[in-house]
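Since the structure comes first, as structure tokens, the remarks are kept for the end.
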Amino acid sequence: LTIQILERGIPVVIALNMIDELHESGKKIDCEKLSAKLKCQVVGLSARTKEGISDFLDTLKEVKARDSLKIYYGQIIEKSIEKLMSLIDENDLVLKRWLSIQLLEGNEDIYKYVKFTNIDEAKLIVHECENSIKSTKEAFSLKGAIFNYRRDFINNIVHECLITVTDINKTKIKNHKIDKFVMHPFWGLLIFLLVLFSVYFLTFDLLGTPLSDGVDYLISEHLAPLIEKLLLFLGVNENGVIMSLVLEGIIAGVGGVLVFVPQIAILFLLLAIIESTGYMARVAIMLDTLLSKFGLNGKSIVPLVTGFGCNVPAIMATRTISDKRERLLTILIIPFMSCSARIPIYGLMASLFFEKHKAIVILSMYVIGTIVALVTAKLLSLSIFKNSANEFVLEIPPYRLPSGKNVYRHTKLMITDFIEKAGKFILLGTVVLWFLQYLGPSGVAKTNDSSFLAYLGNFMAPIFKPLGFGNWEASSSLIVGFLAKELILSSMMVIYGGEALVATAFTGLSAFSFMVFSLLYLPCLATVGTIHQETKSIRFTLLSLLFNFGVAFIVSLLVYQVGSI
9 LTIQILERGI PVVIALNMID ELHESGKKID CEKLSAKLKC QVVGLSARTK
59 EGISDFLDTL KEVKARDSLK IYYGQIIEKS IEKLMSLIDE NDLVLKRWLS
109 IQLLEGNEDI YKYVKFTNID EAKLIVHECE NSIKSTKEAF SLKGAIFNYR
159 RDFINNIVHE CLITVTDINK TKIKNHKIDK FVMHPFWGLL IFLLVLFSVY
209 FLTFDLLGTP LSDGVDYLIS EHLAPLIEKL LLFLGVNENG VIMSLVLEGI
259 IAGVGGVLVF VPQIAILFLL LAIIESTGYM ARVAIMLDTL LSKFGLNGKS
309 IVPLVTGFGC NVPAIMATRT ISDKRERLLT ILIIPFMSCS ARIPIYGLMA
359 SLFFEKHKAI VILSMYVIGT IVALVTAKLL SLSIFKNSAN EFVLEIPPYR
409 LPSGKNVYRH TKLMITDFIE KAGKFILLGT VVLWFLQYLG PSGVAKTNDS
459 SFLAYLGNFM APIFKPLGFG NWEASSSLIV GFLAKELILS SMMVIYGGEA
509 LVATAFTGLS AFSFMVFSLL YLPCLATVGT IHQETKSIRF TLLSLLFNFG
559 VAFIVSLLVY QVGSI
């Protein structure tokens, strides 16, 4: 990309970041020589230590256009470039050469936006150049030949401008000492489980719960009464529709989710810190051997780990898996990875039924999801997705101290996204839900069990009876949860009418079964849309829904029935 920009001849300044880490590895870059070779200004800097930042800013103020970079692409390609340049209706020679190279690289959009004296002849030149490259066996394709010339150019520059100061690589020595334990087949796995447990203990026990209780107190004891007084002051009927909608619908639904924002914030913060240290890449490498036994390889690790945040980008991340069968297999099991939207329901049930063991119970959801994903992957790899194999390549970054600014920015982004969902999608969902509960076939529902929502829930309830929660309230919450997993908790708050009534509707066993089913059943609507977008197959999308629901039913059935015995 840098070469393409430099060939275009526009003003460029290149900033070489992490120059401090380069020095620690015993090397340095001759920036003056590199500037001369690339015909642009090159500045070494470190965003972390602020080294070279002022020089970089001064360079930006004085940046000027220089001669364009010109790479020799060999006799065949250079002749084709000259022929194409003669057909382009443009005075700028640099631009003409750049456009010609773009055409030879396969950028066919150039034909739409550039004037040619003879467009058919231009296409013929590209075609003949492609054939010449293949016939002379210079490369497998014209695009590949251009890539090879650029790679050689880059390698030569690196060889000339990268200087080894000392053979002692402090970074490598330090990393190796830590990796002996962190990536050990036994101790490494144990350390990983301890790290996960610590994260969930801090999130849901030590720090998260007191903060969430504080938010709950503010909403229930101060915000709700204040809004009620305001509505009464404005003349709203105390027992009317508007009062019920605001207090029992909007405040109960959205507020019930916002209560868990502190826990989610702590979780995202801790995960961002761990990610920025370079530890997660090592976990991926360490677990590659384990995954291979289940029909997957290390390339599936990144989407699967991403799934703990959100299943949507996780499914999009499967694009890096070149083997089609393995990609489809990974897409099928990603919804079993517990995304952050499921955290509120875990938090509620664990607080109500497993007060003394919240961290272990919530961690068990992640463990169950991972085990189910791996077991189903193994079964599928032995049947439907048999004989899929791929290689795994991943860059391992050096260990770094987390940047407070970057960690804060990442955490803020994730929290903002969650709150926006609560403010928009969940708000709409809870309002619709309230209307379904408020109205029935005969008009205003006099009781909850005579509402449209109750009829829908009662229709589905018998399916969930063997799982321990065969009532219309629980089944209605799960139906609504198909829109967005955040809505499960908010809908329960609206349908049951608060935490106290939820506590009376479940036992410890049925609550755990409900948590497991919420973990494994249908992914949210956004995830379903992404599966269809990535696979371009309605059949596969429907298959994935049936697969997820079937697995969720079987696992929850085993949990409840075995637990009952």
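Under our numbering, the first residue of the sequence shown carries the number 9, and numbering increases by one thereafter. Idealized CB from N, CA, C, for every residue including glycine.
Which word fits TRP195, buried or exposed, when buried means at least 16 other C-beta atoms lie within 10 angstroms of its C-beta? exposed
Considering only residues of the same chain and omitting the five flanking positions on each side of THR7, which have a CB-CB separation below 6 Å? Outside the modelled stretch of the chain, which goes from 9 to 573, sits residue 7, for which no answer is possible.
Would you check if the region 67 to 81 and the region 92 to 99 touch, i.e. whether three or more CB-CB distances between them fall below 8 Å? no
Enumerate, from N- to C-terminal direction, the unbroken beta strand (DSSP E) stretches of 3 or more residues contained entirely within the region 500 to 561. none
Does the distance from the C-beta atom of GLU29 to that of THR179 stay below 8 Å? yes
My guess is that GLY377 and SER346 are in contact by the Cβ rule of under 8 Å, so how many angstroms apart are they, rounded? 5 Å
Whole-angstrom distance between LEU304 and SER389, CA atom to CA atom: 8 Å
Tell me, to the nearest whole angstrom, how far the beta carbon of LEU497 is from that of LEU275; I am working on the premise that it is less than 8 Å. In fact, because the Cβ distance is near 16 Å, the residues do not count as touching under 8 Å.
How far does the alpha helix (DSSP H) with VAL51 in it extend, from its first residue to its last? Not the alpha helix (DSSP H): VAL51 falls in the beta strand (DSSP E), residues 49 to 52.
State the Cα-Cα distance for the pair ILE423 and ILE272, rounded to the nearest angstrom. 7 Å
Give the DSSP bridge partners of GLY451, in chain order. GLY448
C-alpha distance - LEU464 paired with GLU116, whole-angstrom precision: 53 Å
On the DSSP letters alone, give me the boundaries of the beta strand (DSSP E) that ALA23 sits inside. 21 to 24
Own chain residues within Cβ distance below 8 Å of VAL415, not counting five before or after: LEU277, ALA280, ILE281, SER284
Taking buried to mean at least 16 other C-beta atoms within 10 Å of its own C-beta, is ASP160 buried or exposed? exposed
Helix, strand or coil for ILE329? Go by DSSP, reduced to three states. coil
How would you call ILE351, buried or exposed, if buried means at least 16 neighbouring beta carbons within 10 angstroms? buried
Have a look at THR384, ASN245, LYS131 and flag the residue whose alpha-carbon is nearest the alpha-carbon of MET302. The question names Met, but residue 302 is Phe in the sequence shown. That would be THR384, whose Cα lies nearest to the Cα of PHE302.
Enumerated in chain order, which unbroken segments of the alpha helix (DSSP H) with a length of 4 residues or greater are wholly contained in the region 65 to 138? 83 to 95, 101 to 113, 118 to 121
Taking GLU138 as the reference, give the member of LYS123, SER88, TYR119 with the closest Cα. SER88
Need the endpoints of the beta strand (DSSP E) that ILE37 sits in, please. 35 to 37
For the alpha helix (DSSP H) containing ILE342, list its first residue and its last residue. Taken as a continuous stretch (DSSP letters only), ILE342 belongs to no alpha helix (DSSP H), as it is neither H nor E.
Buried or exposed (CB count within 10 angstroms, at least 16 for buried), SER149: exposed
Could you spell out where the alpha helix (DSSP H) holding LEU275 opens and where it closes? 269 to 284
Specify the secondary structure class of THR217 as computed by DSSP and reduced to three states. helix
How would you label ALA462, buried or exposed, when you count the other beta carbons within 10 angstroms and need 16 or more for buried? buried
One question on the structure: do TRP442 and LEU253 come within less than 8 Å of each other, judged by their Cβ atoms? yes
Buried or exposed for ASP425, please, with buried defined as at least 16 other CB atoms from any protein chain shown within 10 angstroms of its CB. exposed
Close-in-space but distant-in-sequence residues of the same chain around VAL291 (CB under 7 Å, 5 per side omitted): PHE200
Rounded distance between the beta-carbons of LEU528 and VAL380, thought under 8 Å: 6 Å
Beta-bridge pairing of ILE171 - partner residues as DSSP gives them: LYS36
For a quick check, are the C-beta atoms of ASP221 and ALA367 less than 8 Å apart? no
Start and end residues, alpha helix (DSSP H) containing PHE361: 351 to 361
Could you please give the first and the last residue of the uninterrupted alpha helix (DSSP H) stretch that includes LEU382? 366 to 389
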